[in-house]
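Below is one structure, written out as structure tokens; the observations come after it.
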Amino acid sequence: MNWGMKNRISRIIKPKTGRCVMLAVDHGYFQGPTTGLANLGNTVEPLLPYADALMITRGAVRNWIDPAVEIPIILRVSGGQSILKELSNEIITTNVEDAIRINASAITCSAYIGGEHEKETIGNLSKLVDEGEKYGIPVLAVTAVGKEMARDARYLALASRICVEIGAHMIKTYYTEDFKKVVEACGNIPVVIAGGKKLPEKEALQMSCDAVAEGAIGVDMGRNIFQSDCPVGMIRAVRAIVHDGKSVDEAYEIYEHSK
Ligand code: R5P
């Protein structure tokens, strides 16, 4: 791995703990003004001190994020579909030069393994890995599940391993029973979990705790943070689990106390 690649990964995955709390706010690229993100800037601003990286599109970063912030940007560079149509029909929407202009610390796209446009999304990932390797920019592959695909360990291990084989430098997937098998399928490539749909806070904390215990290096969480009744409390609680090894009860106490 070249120096630039290593340096960018170290900005995202904190060397002190080997862990990471990514804040995902890229939902608008296929969902439009997602609940909690209508005014993305107002939502994200108080959360930035507690996030290790921000997953976001180029349009959102330019519109709502102050360029003076220090947070590493994980730039969502795929899109081209919407919740109104077939979700796997993605293209690459942002070239690597624009990612460099934004000073992205990583670039990201989704792979829809088993989806109607599986091959095209693997092609997108492959192209990003080629560009990322050329410029020293790591690629986070998202194992998207589409509307109907099961999120069991067998499927997620298959999807994650394919992304690893294509050359992804980090994997974002979903937590499931037997999650250890998903992590094992990724070898030495770091794995983070998405939060998925909004859960009660304690359940989302339990999921984060279980994921880390089973080998994830952290989370790339969106709705379970910004749709919480106390987003700052929730991200602080997730952070306490990921970086400080706090228990679910201790983390929940942080959330409750922040409320
Ligand atoms: C989906 O493909 C997007 O990348 C979201 O950012 C991702 O699902 C993480 O957000 P959430 O925790 O809300 O699922």
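Position 216 (the sequence shown) corresponds to 213 in this note's numbering; numbering is contiguous.
Glycine included, C-beta positions come from ideal geometry on N, C-alpha and C.
- Here the C-alpha atom of D175 lies approximately 31 Å from the C-alpha atom of S79.
- The straight-line gap separating the alpha-carbon atoms of N36 and E42 is approximately 11 Å.
- Counting along the chain, T170 sits inside the beta strand (DSSP E) bounded by residues M167 to Y171.
- Taking a C-beta distance under 7 Å as the contact criterion, V188 and A213 qualify as a contact pair.
- DSSP places T118 within a helical segment (H, G or I) once states are collapsed to three.
- Straight through space, the alpha carbons of Y249 and H240 are spaced by roughly 15 Å.
- At least one heavy atom of the ligand R5P falls within 6 Å of the beta-carbon of V139.
- In its chain, beyond the 5 residues on either side, S85 and G143 have a beta carbon closer than 6 Å to the beta carbon of G112.
- Contact check for M167 against L137 passes: the beta carbons are separated by less than 7 Å.
- Going by DSSP, C183 is part of no alpha helix (DSSP H) at all; its letter is neither H nor E.
- Looking from the CA of T14, the closest CA among V245, C227, G215 and P228 belongs to G215.
- CA-CA distance, M204 to K243, rounds to 13 Å.
- Excluding residues up to 5 positions away in sequence, G192 and N221 lie with their Cβ nearer than 7 Å to the Cβ of A201 in the same chain.
- Scanning the region 76 to 158 from its first residue to its last, the whole alpha helix (DSSP H) runs of 4-plus residues come out as 93 to 98 and 115 to 132.
- Distances between the C-beta of G112 and the heavy atoms of the ligand R5P are all 6 Å or more.
- In terms of side-chain proximity, the C-beta atom of G219 is found nearer than 6 Å to a non-hydrogen atom of the ligand R5P.
- Per DSSP, L44 lies in no beta strand (DSSP E) and is assigned neither H nor E.
- Taking 7 Å as the cut-off, the Cβ atoms of I89 and S75 count as close.
- Excluding residues up to 5 positions away in sequence, D23, Y26, M52, I53, T54 and T105 lie with their Cβ nearer than 7 Å to the Cβ of R73 in the same chain.
- Within 6 Å of the C-beta of G184 there is not a single heavy atom belonging to the ligand R5P.
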